[in-house]
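Please read the structure below before turning to the comments.
Protein chains in written order, with the numbering used here: chain A, 1 to 308; chain B, 309 to 370.
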């Protein structure tokens with residue numbers, strides 16, 4: 001028992017230190033990648049400046065979004081260049097060096113908008129440093145649960161049933177954290193709280209399966225049958241883990257995939273620290289729960305002795 | 309701040325509450341779960357001490 005608590009404490013401290021290091025690394029060391037772009041009429045000093053842009057426009061009304069930009073409008077066989085004042089379905093108003101010019105929309109032929117383009121900082125990517133490790137640990141602990149389920153069915157040793165149940169509890173914790181951080185990332189990156197795309201759908205099914213495991217266990221009173229049903233269900237539910245993991249690589253999916261060489265320097269270091277830290281925390285939680293179960297068993301034994 | 313830069317930042321800073329929320333949920337979830345597990349461990353440890361002392365007393369008396 002003492003060795004379990006010691007192992008859990010060491011893992012907790014290690015996990016805490018590493019995840020804190022990953023947190024500071026992610027926010028104060030790793031840069032912010034660009035995701036898309038932002039366009040402005042004038043050029044400003046910014047590390048994210050990419051260069052000038054030219055946008056061709058084929059209808060007068062589409063110019064409405066570019067008030068204040070420099071435009072060159074071709075209309076009625078002539079070319080007019082200046083700052084766009086306004087544009088709608090009726091007319092286009094441009095301020096040129098020689099004064100204001102109003103062009104009738106019926107005469108409009110084409111236009112080019114000139115401005116500056118900047119990388120759009122993807123702050124939402126910061127969620128990735130912990131969302132991915134938490135999701136990975138949920139898969140790994142589920143694999144351990146399936147392993148203990150197989151061991152239980154082979155040996156009928158109750159110790160493996162206990163390890164299977166505790167592993168599933170830890171899986172539930174990490175699945176919950178993955179869903180919570182994932183939903184917030186989805187809102188930050190895609191602008192919606194949820195999308196029924198392959199990864200999210202298969203992971204949602206995984207969440208339901210983990211919850212169903214505990215519903216199943218609580219609905220069976222006989223201990224032997226409960227252990228067998230739990231083990232068989234774990235093995236069947238585990239089939240969804242490789243499906244959820246590989247689905248983004250097999251069929252078209254909006255969910256990002258980390259590719260080899262995709263992360264470098266401080267980003268990679270922070271990510272790895274977060275992964276090792278989360279492994280340590282997952283192990284610590286497992287050991288804490290195992291310690292708790294063992295204490296409960298010893299309490300039951302002591303009670304039995306006293307009742308004799 | 310330069311109005312154009314202000315415009316650039318206003319477009320991207322909308323993500324910050326979501327990032328902060330994700331980290332708050334993650335840390336709060338982890339700390340609360342570990343804290344509750346440690347508290348339960350402490351309570352069970354005390355219960356076991358009392359029970360084992362009672363068992364030892366009974367075995368001594370016998």
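Beta carbons: idealized from backbone N, C-alpha and C, even for Gly.
Considering residue 243(A), what are the terminal residues of the alpha helix (DSSP H) in which it resides? Where residue 243(A) is concerned, the enclosing alpha helix (DSSP H) stretches over 240-250.
What's the call for residue 289(A), buried or exposed, on a 16-neighbour Cβ count within 10 Å? buried
Considering only residues of the segment 20-47 of chain A, which uninterrupted alpha helix (DSSP H) runs meet the minimum length of 4 residues and lie entirely inside it, listed in chain order? none
Whose C-beta lies closer than 6 Å to the C-beta of residue 48(A) among residues of the same chain, with five residues either side of it excluded? 118, 119
Per DSSP, what are the beta-bridge partners of residue 103(A) in this structure? Paired residues: 92(A).
Contact between the segment 84-101 of chain A and the segment 60-67 of chain A (3+ Cβ pairs under 8 Å): Yes, the segment 84-101 of chain A is in contact with the segment 60-67 of chain A.
Please tell me whether residue 326(B) and residue 181(A) are closer than 7 Å, where the distance is taken between their beta carbons. no
DSSP state of residue 148(A), grouped into three classes? helix
Would residue 218(A) be called buried (16 or more neighbouring beta carbons within 10 Å of its own) or exposed? exposed
When we look at the beta-carbon of residue 160(A) and count the other beta-carbons within 10 Å, is it buried (16 or more) or exposed? buried
Could you give the distance in angstroms between the alpha-carbon of residue 8(A) and the alpha-carbon of residue 53(A)? 56 Å
Using the rule of at least 16 other Cβ atoms within 10 Å of the residue's Cβ for burial, across every protein chain shown, is residue 125(A) buried or exposed? Residue 125(A) is buried by the Cβ-count criterion.
Would the segment 16-26 of chain A count as touching the segment 263-273 of chain A if we require 3 or more Cβ pairs under 8 Å? yes
Of all Cβ atoms in chain A, is any one closer than 7 Å to the Cβ of residue 362(B)? The Cβ of residue 362(B) sits closer than 7 Å to at least one Cβ of chain A.
Measuring CB to CB, does residue 111(A) end up less than 7 Å from residue 173(A)? no
Near residue 254(A), which residues of its chain fall below 6 Å by C-beta distance, leaving aside the five closest residues on each side in sequence? 197
For chain A, check one thing: does any of its Cβ atoms lie closer than 7 Å to the Cβ of residue 369(B)? no
Can you pull the DSSP bridge partners for residue 118(A)? 38(A), 49(A)
Since residue 337(B) meets chain A, which of its residues come closer than 8 Å, beta carbon to beta carbon? Near residue 337(B) (Cβ distances below 8 Å), the residues of chain A are 173, 176, 177, 180.
Using a Cβ cut-off of 8 Å, pull out every chain B residue sitting near residue 292(A), in sequence order please. 345, 348, 349, 352
Own chain, CB closer than 6 Å to residue 203(A), minus 5 neighbours either side, in chain order: Non-local beta-carbon contacts of residue 203(A) in its own chain, meaning distances under 6 Å to residues more than five positions away in sequence, involve 244 in chain order.
As assigned by DSSP and simplified to three states, the class of residue 68(A): Look at residue 68(A) here: in three-state DSSP terms it is coil, with no helix or strand label.
Taking 7 Å as the cut-off, decide whether the C-beta atoms of residue 167(A) and residue 134(A) are in contact. Against a cut-off of 7 Å, the Cβ pair of residue 134(A) and residue 167(A) comes out as no contact.
Taking the alpha helix (DSSP H) that residue 360(B) belongs to, which residues open and close that run? 324-369
Are the CB atoms of residue 5(A) and residue 282(A) within a distance shorter than 7 Å? no
DSSP bridge partner residues for residue 73(A) (one or two, in chain order): Answer is 80(A), 111(A).
What's the gap between the Cα of residue 235(A) and the Cα of residue 55(A)? 56 Å
Give a yes or no on whether 7 Å exceeds the smallest Cβ distance from residue 309(A) to chain B. Within the shown structure, residues of chain A are numbered from 1 to 308, placing residue 309(A) beyond reach of any answer.
Per DSSP, which residues does residue 87(A) bridge with? Please list them. The partner list for residue 87(A) (beta bridge, DSSP) reads 92(A).
Residue burial classification, residue 338(B) (beta-carbon count within 10 angstroms, cutoff 16): Residue 338(B) should be labelled buried.
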